[in-house]
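As structure tokens, the structure follows; a few thoughts come after it.
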Amino acid sequence: MAQMLIRNLPDEVKAALRKRAQAHGHSMEAEARSILVGTVLPQHDDPVLKWLRGADELREAGEGADLPEPERQLPRPIELA
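Residue numbers for the sequence shown follow our numbering, beginning at 1 and rising by one.
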């Protein structure tokens, strides 16, 4: 596994990470690792990703919603007082 050193981390970020790690019963390193993995490698059960995959599948199958073109009208004139 790779290692990484993060320099110039603001003090308030480190303090917040320490609090978050304590709340989850983790070390700061484990908490930072969890945050990075969860952010960089999205989970398969993420509802947004499921929705996007479903939309892609529908689009590929040609089953997307075909909505009629709305009737276009010129904008109404603006009356200045």
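C-beta atoms are modelled at their ideal positions from N, C-alpha and C, and glycine is treated no differently.
Please confirm whether residue i and residue j have their CB atoms less than 9 Å apart.
i     : j     : result
SER34 : HIS44 : no
LEU36 : PRO42 : no
ALA30 : ALA16 : no
Write down the C-beta distance between residue i and residue j rounded to the nearest angstrom, noting that I regard them as a contact closer than 8 Å.
i     : j    : result
ARG18 : MET4 : Actually they do not touch by this definition, with Cβ atoms about 18 Å apart.
Indicate the three-state DSSP secondary structure (helix, strand or coil) for residue i in the structure shown.
i     : result
ARG7  : coil
HIS44 : coil
GLY38 : helix
MET1  : coil
HIS24 : helix
Skipping 5 residues on each side, what residues in its chain have a beta carbon closer than 8 Å to that of residue i?
i     : result
PRO10 : none
GLU57 : none
What are the uninterrupted segments assigned as beta strand (DSSP E) that are 3 or more residues long and contained completely in the stretch 49-81, given in chain order? none
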